[in-house]
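Below is one structure, written out as structure tokens; the observations come after it.
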Amino acid sequence: MFSPTPGKITAFKNGDIISGGRTVTNELYVDGATGRILDGFEFPEGERVVEDRTVDLKGRILCPGFIDMQFNGAFNVDLSRLPSNGDINSFKNDIRVMNQRLVRTGVTSYLATMTSQKPEVYQKILPIIGATNPERVPNMGSQSLGAHCEGPFLNIDKSGCHDVDAVKAVGGDCSLERLVSCYGGLNLGFADHQTTQSAVNTPVKMITIAPELPGALDTIHHLTKKGIVASIGHTKANYEESIAAIQAGARSITHLFNTMCPFHHREPGPLGTIAFSSTKANTARIEPDKRPYFGIIADGIHVHPASVNLAWRCHPQGFILVTDASMIAGCEDGVYEWTGGRNIEKRGAKITLEGTDTIAGSAVTLMDCVNNFINFTGASVAEAISAVTSTPAALLGISDRKGNVIPGADADLLVLKREDSIGGTKLIVEQVWKFGNKVFDIAEDSNRLAAIKSRV
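Sequential numbering of the sequence shown, starting at 73, is according to my numbering.
Shown next, in the form of structure tokens:
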């Protein structure tokens, strides 16, 4: 229970407050000093909450801030690469500026995702991009919840746009010792290859692994015991190999459908694991509550709308929308320098390796993905919001802090306007609140811009 702080209480009233896939209440109180959601109208002493300011939602939606589980960067900031001059302080500043811009899109938290790199790069960058803003300063914008290492322990035939040399460098060896030597023991919570050290405050929170690699299942088991999410991805694993990974502890699939063997009626591959199989004759099966979570890039480019709909209807409780946003998300169209001496090209929402059709991340916002998902599937607004709030929070084991409108949780909140037309439903981010303080208001921004133009 958190006591209110005088002068800092905000009440949200007269709106639809959505959490956990449903509308939960029409009033909410938050404390801007502690940065947390308060427990209803009264406190243990019986004292009624008296707000210092009231936000009249006027029928708009209030929901938790969005969580992007696969975010590689944006606004020309690449979370996998230090600046060309190697300046650590410059890199940290670039990330701060990026976070302040990203929060305006509705993403209040994310997993900082690194693609396949050499060990020395991981060991320099992971301590920087792990969980950020421990001081809980609202105007710092979006915060990293930790790092997602998407590589280099991938099947080289399914490496996609990743640096092949970095994937080759690990030689297909997915032993725990190789992971520790690649990422660094302290970044994983392993000291001298021991598995007893706590990983709660370590940078890495999620690792994508191709489970068919030698040593992968044992490594998945150890990572799971440490509280690090092992995710199946960039893989040629068949159904049985995928089930074995889940039985070893894997709890997620990275960008379902992409960089994995396609579904076949006699060999379903990783995709088959999101379905509940009750056939007793099928020994390679998992119970419904053990089915993995999975990310989907609903940009209309990575995955066909019908496939998005199929996956959601098969396992809605595990469905998580992600952007897989590239460093040039939010930038002008054009060609940009990338890793491994290669270039990437942005054309609208599509990003590819220059001169190829190989997709290299996306340029969409998570709000775009939510809107696409609603219109691809006919899902309700509440169901769509859960795919970027309560569901990713559940995968990370932080449901008490993030992704839910509950007492004691961080007051990371969005005010959304809903527009319905013949073309479909569209949600618009009108306000963003971080730790109980408003950090973005579209109306205030519009007024500020108008004032600037009037002086020109």
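For each residue, glycine too, the CB sits at the ideal point set by N, CA and C.
H220 is not a Cβ neighbour of L226, given a cutoff of 8 Å. By the C-beta density criterion, N310 is buried, having at least 16 other C-beta atoms within 10 angstroms.
The beta carbons of S434 and H376 sit no closer together than 8 Å.
Burial check for E404: the Cβ neighbour count within 10 Å stays below 16, so the residue is exposed. According to the DSSP assignment, E313 belongs to no beta strand (DSSP E) but to the alpha helix (DSSP H) extending over Y311 to A320. Beta-bridge partners of Q503 (DSSP): V487 and D513.
Fully contained in the segment 440–473 is no beta strand (DSSP E) run of length 3 or more.
Look at H220 here: in three-state DSSP terms it is strand.
Here the segment 137–151 makes contact with the segment 177–190; the two share three or more CB pairs at distances below 8 Å.
Boundaries around M170 are those of the alpha helix (DSSP H), I160 to L174, since no beta strand (DSSP E) includes it. Bounds of the alpha helix (DSSP H) holding T296 are A288 to K297. Bounds of any alpha helix (DSSP H) do not take in S91; it lies within the beta strand (DSSP E) bounded by I81 to S91. When the beta-carbon positions are compared, L393 and V460 come within less than 8 Å of each other.
Residue burial is scored here from C-beta neighbours: T430 has fewer than 16 other C-beta atoms within 10 angstroms and is therefore classed as exposed. For I416, the uninterrupted beta strand (DSSP E) segment begins and ends at N415 to R419.
DSSP, read as helix, strand or coil, puts K277 in strand. Here S452 is not near I423, since their CB atoms are 8 Å or more apart.
S434 has A397 and K422 as its beta-bridge partners, per DSSP. Around the CB of G213, 16 or more other CB atoms lie within 10 Å, so the residue is classed as buried.
Distance between N205 and I494, taken at the CA atoms: about 42 Å. Rounded to whole angstroms, I279 and A322 show a C-alpha spacing of 10 Å. When C-beta atoms of the segment 129–140 are compared with those of the segment 87–96, three or more pairs fall below 8 Å, so the two segments count as touching. One thing to note: T180 has its Cβ no nearer than 8 Å to the Cβ of D517. Comparing C-alpha distances from D482 to each of R94, R153 and A105 shows the shortest one belongs to A105.
Secondary structure note for L258: its alpha helix (DSSP H) is the uninterrupted segment G257 to L260.
By the Cβ test, the segment 250–266 is not in contact with the segment 303–317, since fewer than three Cβ pairs between them sit closer than 8 Å. Taking the Cα of S462 as reference, the smallest distance to any Cα among D124, G93, D166 and I292 is reached at G93. About 7 Å separates the beta carbon of V276 from that of G218, a gap short enough to meet the 8 Å contact definition.
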